[in-house]
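Every letter in the sequence shown is one number past the one before it in the UniProt record's numbering, and letter 288, counting from 1, is 288. I have placed the structure first, in the form of structure tokens, so that the comments after it can refer back to it.
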Amino acid sequence: MAAQVWVPNETAVAQICQLLSGFQSPTADQAQVWQQLQQARHVPDFNNYLSYVFSKGETLPSEVRNAAGLLLKNNLKQQYATTTEDFRQYIKGDLLHVLSHPDRALRHTAGSIVSTVAAAGGLRAWPELVMWLGHSLGSGEASTLDGALDTLFKVAEDGMDQINTKMEGPTWGTPQAVSSLLVPPLLALLPHPSPAARRGALAILNLMLPSMPDGMVDNIEAFTAGLFSLATDTDPGVRKQVVAGLVNLLPVRPDLLLPQLHQIIEYMLAMHQDGDEDVALESAEFWVAFCDADDVEPELLRPFLPRLIPLLLDKMVFDEYDEEVQVGAQL
1 MAAQVWVPNE
11 TAVAQICQLL
21 SGFQSPTADQ
31 AQVWQQLQQA
41 RHVPDFNNYL
51 SYVFSKGETL
61 PSEVRNAAGL
71 LLKNNLKQQY
81 ATTTEDFRQY
91 IKGDLLHVLS
101 HPDRALRHTA
111 GSIVSTVAAA
121 GGLRAWPELV
131 MWLGHSLGSG
141 EASTLDGALD
151 TLFKVAEDGM
161 DQINTKMEGP
171 TWGTPQAVSS
181 LLVPPLLALL
191 PHPSPAARRG
201 ALAILNLMLP
211 SMPDGMVDNI
221 EAFTAGLFSL
231 ATDTDPGVRK
241 QVVAGLVNLL
251 PVRPDLLLPQ
261 LHQIIEYMLA
271 MHQDGDEDVA
281 LESAEFWVAF
291 CDADDVEPEL
301 LRPFLPRLIP
311 LLLDKMVFDE
321 YDEEVQVGAQ
331 L
């Protein structure tokens with residue numbers, strides 16, 4: 001027997017919207033409104049109502065919809081385990097609908113809720129999301145691509161174990177890791193004309209590097225080539241991600257960098273003087289990674305020390321409350 005489709009009561013929808021609007025109003029008794037919202041959490045289908053307002057309230061102010069989404073996210077963190085399967089499926093369907101919404105704030109809130117659900121229930125229980133991500137990473141629609149990148153970054157950031165989950169079933173044929181399905185379309189975005197797409201793809205790939213899931217293992221040479229191709233990108237955010245990628249790659253696959261290590265050191269010296277402060281700060285991490293790497297001979301850095309040490313000293317910032325600095329000032 002098929003599960004009954006959940007249908008919202010319009011009066012209840014109006015009441016919830018009124019509460020959410022009141023919570024946004026500076027003239028309302030927000031403590032009382034918050035208490036009412038907390039009491040509503042005990043209603044079995046309250047999260048469905050929040051999901052409905054968030055995903056389908058096209059005539060409502062964006063602030064009200066976003067408030068519904070944020071409240072839904074916080075509720076699901078605590079209540080997902082006790083949410084019935086049919087309610088879970090209803091909410092999941094709503095979320096996929098919002099991930100490509102034209103309103104950036106709404107789709108990014110949807111991405112945050114998705115990461116909460118993925119962490120609680122696992123990607124294996126949400127094959128539609130994995131399929132949507134794989135398809136949307138190749139989308140020509142800017143809002144859809146942004147939603148996919150934002151969502152995948154949050155899912156990876158919240159739990160890298162999900163990225164190496166094996167997807168099984170007739171849809172996939174042979175069991176495949178999520179990373180194996182999504183790393184290739186991420187790599188395909190590295191030459192994308194949009195700096196935001198290049199930045200977003202690199203940021204996700206960099207998150208994966210330390211744990212080296214299957215998709216990264218199988219495509220690590222292509223990733224390395226992608227880093228080199230973007231080394232002089234005009235966008236500082238992309239350059240920062242390139243530097244971060246080289247820093248993260250050195251401990252896990254130094255063999256890929258050793259043949260070009262002298263050029264990479266020269267590159268890092270240049271990035272240390274980059275006009276963008278974030279790029280310069282990120283490049284400082286390379287020297288720590290270099291010295292900590294097990295398979296890299298520290299002596300290789302010696303010829304560069306006369307140039308490196310002045311750069312490091314020039315960028316150092318002392319905390320006036322640092323005890324050693326205070327002692328030094330008294331000498």
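Beta carbons: idealized from backbone N, C-alpha and C, even for Gly.
Extent of the continuous beta strand (DSSP E) to which Gln176 belongs: First-last of the beta strand (DSSP E) with Gln176: 173-177.
Quick check: Ser100 and Lys73, are their CB atoms within less than 8 Å of each other? Cβ distance not < 8 Å, so Ser100 and Lys73 don't count as in contact.
My understanding is that Leu60 touches Cys17, with C-beta atoms under 8 Å, so please give their C-beta distance in whole angstroms. 6 Å
So Ala14 packs on Asn66, CB below 8 Å; how close in whole Å? With a contact defined as Cβ atoms closer than 8 Å, Ala14 and Asn66 miss out at about 18 Å.
How is the beta strand (DSSP E) around Met212 delimited, first residue to last? Looking at the DSSP string, Met212 is not in any beta strand (DSSP E), and its letter there is neither H nor E.
Taking its Cβ as the centre, do 16 or more other Cβ atoms sit within 10 Å of Ala31, making it buried, or is it exposed? exposed
Looking only at its own chain, which residues have a Cβ that is under 7 Å from the Cβ of Pro185, when we skip the five neighbours before and after it? Gly134, Leu137, Gly138
Whose CA, out of Leu181, Pro170, Ile309, lies closest to the CA of Gln162? Leu181
Mind checking His42: buried by the 16 CB within 10 Å criterion, or exposed? exposed
Three-state class that DSSP yields for Glu168 in the structure shown: Looking at Glu168 - three-state DSSP - the assignment turns out to be strand.
Might you give, ordered along the chain, the residues of its own chain that have their beta carbon closer than 8 Å to the beta carbon of Met167, omitting 5 neighbours on each side? Leu123, Arg124, Pro127, Val130, Pro175, Gln176, Ala177, Val178, Leu181
With a CB to CB cut of under 6 Å and the five nearest residues on each side skipped, what residues in its chain are close to Thr224? Leu256
C-alpha gap between Asp314 and Pro26, whole angstroms: 48 Å
Contact set for Asp218: own chain, Cβ-Cβ below 7 Å, skip 5 residues either direction: In the same chain as Asp218, and ignoring 5 residues on each side of it, the C-beta atoms closer than 7 Å to its own belong to Ser180, in chain order.
Check whether Arg307 and Met271 have beta carbons under 8 Å apart: no
Reduced DSSP secondary structure (H/G/I, E/B, other) of Trp6: coil
Would you identify the three-state DSSP class for Asp314, choosing helix, strand or coil? If DSSP states are grouped into helix, strand and coil, Asp314 belongs with the helices.
Close Cβ partners of Met216 (< 8 Å) along its chain, the five nearest in sequence each way excluded: Ser179, Val183, Leu205, Met208, Leu209, Phe223
Spatial neighbours of Ala120 in its chain, beta-carbon cut-off 8 Å, leaving aside the 5 residues before and after: Leu76, Lys77, Tyr80, Ala81
How about Ala231 and Tyr267: do their beta carbons lie closer than 8 Å? Taking 8 Å as the Cβ cut-off, Ala231 and Tyr267 qualify as a contacting pair.
What's the gap between the Cα of Ala132 and the Cα of Thr151? Note that residue 132 is Trp in the sequence shown here, rather than Ala. When rounded, the distance between both Cα atoms is 11 Å.
Below 8 Å CB to CB, which residues in the same chain sit around Lys92 once its five sequence neighbours on both sides are set aside? Val117, Trp126, Glu128, Leu129
Is the distance from the Cβ of Gln36 to the Cβ of Leu50 below 8 Å? In this structure, Leu50 does not lie closer than 8 Å to Gln36 by Cβ.
From what residue to what residue does the alpha helix (DSSP H) around Gly122 run? Run containing Gly122: none; DSSP gives neither H nor E here.
So what does DSSP say about residue 332, is it helix, strand or coil? Absent from the model: residue 332. The displayed extent of the chain is 1 to 331, so no value can be given.
Using a Cβ cut-off of 8 Å (strictly closer), state whether Leu227 contacts chain D. You won't find chain D in this structure, because it holds only one protein chain.
As a quick exercise: from Asp235, Leu227, Asp276, Val252, pick the residue whose alpha carbon is nearest that of Ile264. Answer by Cα proximity: Leu227.
In its own chain, which residues sit with a C-beta less than 7 Å from the C-beta of Cys291, not counting the 5 before and 5 after it? The beta carbon of Cys291 is closer than 7 Å to those of Pro298 in its chain, skipping five residues each way along the sequence.
Quick check on this structure: which residue in Glu141, Leu261, His192, Leu202 has the alpha carbon closest to the alpha carbon of Phe153? Leu202
Is it buried or exposed for Gln38, if we count other Cβ within 10 angstroms and need 16 for buried? exposed
When you compare only the Cα positions, how much space is there between Gln241 and Gly147? For Gln241 and Gly147, the distance between alpha carbons rounds to 19 Å.
Where Asp278 falls, given that 16 or more other Cβ within 10 Å makes a residue buried: In summary, Asp278 is exposed, with fewer than 16 beta-carbon neighbours lying within 10 Å of its beta-carbon over all protein chains present.
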